[in-house]
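Peer 1: Heads up, the sequence shown is in the numbering used here, so the first residue is 1 and it goes up one at a time.
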Amino acid sequence: MVKPYAVSSHYEVGIGTLLHMERFTNRELSWLDFNERVLAIVEDPTTPLLERAKFAAIFSTNLDEFFQVRVAGLMEQVAAGVTSAPPDGMTPTEQLEAVRSRATELMDRLTAVVHKDLLPELAAERISVVDVASLTAEDNTWLDEEFRTKVFPVLTPLAVDPAHPFPYISNLSLSLAVNIRDPHDGTMRFARVKVPPRLDRFIRLPDGERFVRLEQVIASHLGDLFSGMEVVDHYMFRVTRNADLVLEESEADDLLEAISIELTRRRFGRAVRLEVETDISPNSLAVLMRQLQMDSRDIYVLPSPLDLTGLMSLYSIDRPNLKWEYWKGVTQAALAQVDGSPPNLFNVIRDRDILVQHPYDSFTSSVEEFLRQAARDPDVLAIKQTLYRTADDSAIARDLIVAAERGKQVVALVELKARFDEERNIEWARKLETAGVHVVYGLVGLKTHAKVSLVVRQDSDAIRRYAHIGTGNYNGSTARTYEDVGLFTSNPDITADLGDLFNFLTGHSRQVEYRKLAVSPYSGRQTVTELIRREAEATDGQVVMKLNSLVDADIIDELYAASQAGVKVDLLVRGICCLRPQIPGLSENITVQSVVGRYLEHSRILRFGSEARGYQFWIGSADMMPRNLDRRVEALTPVEAPELQARLQQIIEAIQTDDTLTWVLDADGEYRKLDGHTVDAHVLLHELAVLRSVDDKA
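(1) Strictly by DSSP, which residues pair up with H682?
(2) Give every residue of the same chain whose Cβ lies closer than 7 angstroms to the Cβ of R27, excluding the five residues on either side of it in the sequence, and list them in chain order.
(3) Out of M545, T25 and D540, state which residue places its alpha-carbon closest to the alpha-carbon of T529.
(4) In whole angstroms, what is the alpha-carbon distance linking G228 and G186?
(5) The alpha helix (DSSP H) that contains F55, what's its start and end?
(6) Check R270 in the structure and name its three-state DSSP category.
(7) Can you tell me whether G81 is buried or exposed? The criterion is at least 16 other CB atoms within 10 Å of its CB, across all chains shown.
(8) Candidates M188, L176, T240 and D207: which alpha carbon is nearest H221's?
(9) Mind checking which residues open and close the alpha helix (DSSP H) that includes S30?
(10) From V683 to A536, what does the alpha carbon distance come to, in whole angstroms?
(11) Give the single residue among R533, F370 and L586 whose Cα lies nearest to the Cα of F488.
(12) For W663, which residues does DSSP report across the bridge?
(13) For E43, which of R109, K408, P92 and Q77 has the nearest alpha-carbon?
(14) Helix, strand or coil for L306 per DSSP?
(15) Runs of 4 residues minimum, wholly inside the region 294-374: which ones carry the alpha helix (DSSP H) assignment?
(16) Does DSSP classify Q582 as helix, strand or coil?
(17) What is the DSSP secondary structure of R410, counted as helix, strand or coil?
(18) Excluding five sequence neighbours on each side, which residues of the same chain lie with their C-beta closer than 6 angstroms to the C-beta of I169?
(19) For F237, which beta-bridge partners are listed by DSSP?
(20) State the start and end residues of the unbroken alpha helix (DSSP H) segment that holds P638.
(21) In the structure shown, what three-state DSSP assignment does K431 receive?
(22) With which residues is Q542 paired in a DSSP beta bridge?
(23) Less than 8 angstroms between the CB atoms is what I'm expecting for V639 and I619, so what's the real figure, rounded?
(24) Rank R241, H677 and A56 by C-alpha distance to the C-alpha of L174 and give the top, closest one.
(25) Using only the alpha-carbon positions, how far apart do V444 and L505 sit?
(26) Locate the beta strand (DSSP E) running through T699, then write down its first and last residues.
(27) Near K3, what residues of its chain come up, given a Cβ to Cβ distance below 7 angstroms and the 5 sequence neighbours on each side ignored?
(28) Between the region 676-690 and the region 374-392, are three or more C-beta pairs nearer than 8 angstroms?
(29) Decide if H686 is buried, meaning its Cβ has at least 16 other Cβ atoms within 10 Å, or exposed.
(30) Tell me whether K447 sits in a helix, a strand or coil according to DSSP, three-state version.
(31) Output the boundary residues of the alpha helix (DSSP H) element that contains S101.
(32) Assign I724 to one of three DSSP states: helix, strand, or coil.
(33) Consult DSSP for I655 and reduce its assignment to one of helix, strand or coil.
(34) From which residue to which residue does the beta strand (DSSP E) around M188 run?
(35) Under 8 angstroms between the Cβ atoms of V129 and F237?
(36) Look at the alpha carbon of S736 and the alpha carbon of A435, and state the distance between them as a whole number of angstroms.
Structure (structure tokens):
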């Protein structure tokens with residue numbers, strides 16, 4: 001294993017000694033910076049209104065997951081008395097205090113823009129979220145019937161008294177805290193009513209232009225739920241719990257069963273956040289805090305409505321004038337139908353490698369078609385597939401079932417520990433096993449995050465292997481919004497490497513060396529380190545990394561050392577970036593950009609070398625994070641065909657020249673939005689994809 005440069009905990013530079021905190025940005029605070037860039041889309045008045053509503057929901061969902069995992073983890077560390085710090089030097093207690101303050105600031109900004117701008121502007125476009133109190137008698141008559149037939153049967157009021165203990169509040173459930181009085185003896189009772197999560201959050205009134213919130217409808221009918229009692233008052237609240245799985249794999253005889261049990265426990269993990277309405281009574285808040293064992297620092301007081309993830313439902317409204325122009329993924333010329341039928345993809349891939357970029361290139365006509373043909377081609381002998389995040393209605397999983405039913409050897413490595421997708425993956429794993437697919441769950445202690453597919457086919461001249469290696473999940477739903485790249489190839493070395501990788505995953509072989517691939521946790525870190533060092537030794541060294549996250553301290557130190565050696569380092573990091581650019585004597589040759597827009601930049605593309613010496617391009621599933629390099633099975637592949645390298649260079653240049661969606665990270669750790677508005681990377685990449693659909697050489 002290659003060791004990192006011998007860097008000390010201090011860098012001696014012209015401006016003085018740089019401590020850890022000056023060399024590294026805190027991971028959690030950097031993630032909140034990323035979510036702030038998502039929030040900026042909501043705050044931008046030029047963003048179409050329904051897109052603003054969608055991104056408000058995305059921001060809220062992101063923050064929910066952050067509290068469930070990252071904040072919960074910090075709280076566990078503090079409770080355990082952990083005082084050790086990550087590379088940035090902040091202790092768990094210091095991080096938790098900073099995160100609480102920053103998250104509060106961002107939540108306040110979201111509620112402000114939703115109430116002051118978004119909802120009034122939607123109302124001006126005849127999409128009004130109105131209060132129940134403002135409804136007419138005719139509206140109320142219609143709403144009473146809706147409540148009686150569609151809502152009331154689902155509700156379960158839970159009162160608290162000596163015979164009924166305080167109900168366990170499940171994770172992320174929106175609830176009403178209700179105080180009721182018995183008119184016979186004046187006894188006060190506390191009750192909870194859960195807002196059913198499977199019902200539409202916004203109920204559309206008959207005029208089609210006004211909506212009322214489900215929780216308000218329930219609140220206006222509390223008398224029906226507590227018949228004979230006096231409803232004194234009610235308040236909304238929402239609980240976020242620790243949702244990280246705690247699983248000792250070495251002690252689990254049946255991993256699928258063990259994770260199924262843990263998913264049930266997740267709903268009742270420790271409470272880490274309590275969101276309440278601004279007008280909640282002190283007594284009701286005290287009851288919730290006592291019963292949920294909450295600290296006052298974890299209470300977030302917000303105006304109604306709570307849980308703005310519900311705004312996503314408004315996006316389904318058919319108002320294209322309030323959304324970005326719809327772009328349908330195109331089929332590049334090499335994969336286009338001929339006489340109404342798609343070409344034989346194996347013939348195409350045998351002739352040359354193919355690079356696709358989603359969602360600009362259609363996922364359906366490329367990746368899904370590859371597996372569809374493999375499942376039905378009588379010459380295909382075997383299919384081997386990794387599945388990390390699956391769709392509810394996964395075409396790929398269905399085709400694996402078809403292949404198994406047709407007698408092909410089919411192996412699916414289903415990662416049961418893919419966070420927040422465990423339940424869906426378990427369901428698909430059981431369906432695949434029932435159909436005769438050989439289902440495996442990876443290696444003890446390692447998540448399998450690699451995105452690879454291998455098809456073994458009896459061609460006319462030999463048995464040949466065909467592969468797809470991607471940066472994104474085999475998920476047709478997310479492929480429409482996540483930007484990713486994928487390589488189709490029949491290269492003998494790469495496909496042989498994939499064969500060895502699947503043998504490692506399914507047969508517990510000791511394979512650690514590969515011909516072409518860089519595979520974590522064995523050669524991924526070593527390969528990237530060696531490639532950076534090679535550039536540091538060149539007189540015209542250049543490094544470009546397009547990533548989701550850059551966290552790993554050793555890789556960051558390698559980049560710092562390369563910068564000090566004169567290497568030009570361009571980092572295109574959408575999310576977390578713990579590196580500090582533009583610091584004299586340390587990182588003045590490093591730039592950091594973040595593109596945040598209609599598509600989630602998700603591809604990982606690495607470029608080393610110069611135009612004079614030639615470029616080396618790699619794509620794969622790994623970010624530069626300790627978990628990706630040391631605790632996951634990841635695959636990086638070189639892209640060697642000159643025409644495909646040119647395609648990857650187009651992608652890099654589109655991001656580098658963008659001045660519409662780009663944020664630049666400054667030396668002080670602050671992100672600055674560019675406002676040139678001359679190049680939009682997403683528009684440019686869409687236009688290039690359209691050209692490829694009519695001209696194979698574009």
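Glycine is no exception: its CB is placed at the ideal position from the N, C-alpha and C atoms.
Peer 2: Based on what the coordinates show:
(1) As a first step, residue 682 is located in the sequence shown; it is residue number 682 there, counting from the start. According to DSSP, H682 bridges with nothing at all.
(2) In the sequence shown, the residue the question calls residue 27 occupies position 27. P86, V551, I576 and C578.
(3) For this step, residue 529 is matched to residue 529 along the sequence shown. Comparing Cα-Cα distances from T529 to each of M545, T25 and D540, the minimum goes to M545.
(4) Indexing the sequence shown from 1 puts residue 228 at position 228. Indexing the sequence shown from 1 puts residue 186 at position 186. Their Cα atoms are separated by approximately 12 angstroms.
(5) Here residue 55 corresponds to residue number 55 of the sequence shown, with the count starting at 1. Run containing F55: L49 to F66, per the alpha helix (DSSP H) assignment.
(6) As a working note, residue 270 is residue 270 in the sequence shown. Here R270 sits in coil by DSSP.
(7) Reading the sequence shown from its first residue, position 81 is the one you call residue 81. The residue in question, G81, is exposed, as its Cβ has fewer than 16 Cβ neighbours within 10 Å.
(8) Taking the sequence shown and counting its residues from 1, the one referred to as residue 221 is at position 221. Selected option, being the one with the closest Cα: L176.
(9) Stepping through the sequence shown from its first residue, residue 30 is reached at position 30. First-last of the alpha helix (DSSP H) with S30: R27 to E43.
(10) Indexing the sequence shown from 1 puts residue 683 at position 683. Indexing the sequence shown from 1 puts residue 536 at position 536. Spanning the two alpha carbons is a distance of roughly 35 angstroms.
(11) Mapped onto the sequence shown, residue 488 falls at position 488. It is F370 whose Cα lies nearest to the Cα of F488.
(12) As a working note, residue 663 is residue 663 in the sequence shown. Answer is S594 and K673.
(13) Taking the first residue of the sequence shown as position 1, residue 43 is located at position 43. When each option's Cα is compared against that of E43, the closest is R109.
(14) Locating residue 306 in the sequence shown gives position 306, where the first residue counts as 1. Coil at L306, not helix or strand.
(15) 345-351
(16) Here residue 582 corresponds to residue number 582 of the sequence shown, with the count starting at 1. It is coil, neither helix nor strand.
(17) Indexing the sequence shown from 1 puts residue 410 at position 410. According to the sequence as given, residue 410 is Val; it is not Arg. When secondary structure is reduced to three states using DSSP, V410 falls in the strand class.
(18) Against the sequence shown, residue 169 aligns to sequence position 169. Here the set comprises V239.
(19) Residue numbering aside, residue 237 sits at position 237 when the sequence shown is read from its first letter. Note: F237 sits in a beta bridge opposite S175 and V276.
(20) As a working note, residue 638 is residue 638 in the sequence shown. Where P638 is concerned, there is no enclosing alpha helix (DSSP H), although the beta strand (DSSP E) it sits in stretches over R632 to V639.
(21) As a working note, residue 431 is residue 431 in the sequence shown. Three-state result, K431: helix.
(22) For the purposes of this step, residue 542 is taken as the residue at position 542 of the sequence shown. Within the DSSP secondary-structure output, Q542 pairs in a beta bridge with K568.
(23) In the sequence shown, counting from the first residue as 1, residue 639 sits at position 639. In the sequence shown, counting from the first residue as 1, residue 619 sits at position 619. Contact check for V639 and I619: beta-carbon distance about 6 angstroms, within the 8 angstroms limit, so the pair qualifies.
(24) Within the sequence shown, numbered from 1, the residue matching residue 174 stands at position 174. Here the closest residue by C-alpha is R241.
(25) The sequence position of residue 444 within the sequence shown is 444, counting from 1. The sequence position of residue 505 within the sequence shown is 505, counting from 1. Each residue's Cα considered, the two are about 10 angstroms apart.
(26) The question about residue 699 has no answer, for the chain in this structure spans 1 to 698.
(27) The residue given as residue 3 occupies position 3 in the sequence shown. A caution first: K3 carries a pLDDT of 34, below 50, which makes its placement in the model unreliable, though a value can still be read off. There are no such residues.
(28) no
(29) Looking up residue 686 in the sequence shown gives position 686. Buried, since its Cβ has 16 or more Cβ neighbours within 10 Å.
(30) To locate residue 447, count along the sequence shown from 1; it is residue 447. Under the three-state reduction of DSSP, K447 is assigned to strand.
(31) Looking up residue 101 in the sequence shown gives position 101. First-last of the alpha helix (DSSP H) with S101: P92 to V113.
(32) No statement about residue 724 is possible, as the shown extent of the chain runs from 1 to 698 and does not include it.
(33) Start at 1 with the first residue of the sequence shown, and residue 655 comes out as number 655. Here I655 sits in helix by DSSP.
(34) Position 188 of the sequence shown, counting from 1, holds the residue named residue 188. Membership of M188 in the beta strand (DSSP E) is indicated by the continuous run M188 to K194.
(35) In the sequence shown, counting from the first residue as 1, residue 129 sits at position 129. In the sequence shown, counting from the first residue as 1, residue 237 sits at position 237. Not a contact, by the Cβ cut-off of 8 angstroms.
(36) Absent from the model: residue 736. The displayed extent of the chain is 1 to 698, so no value can be given.
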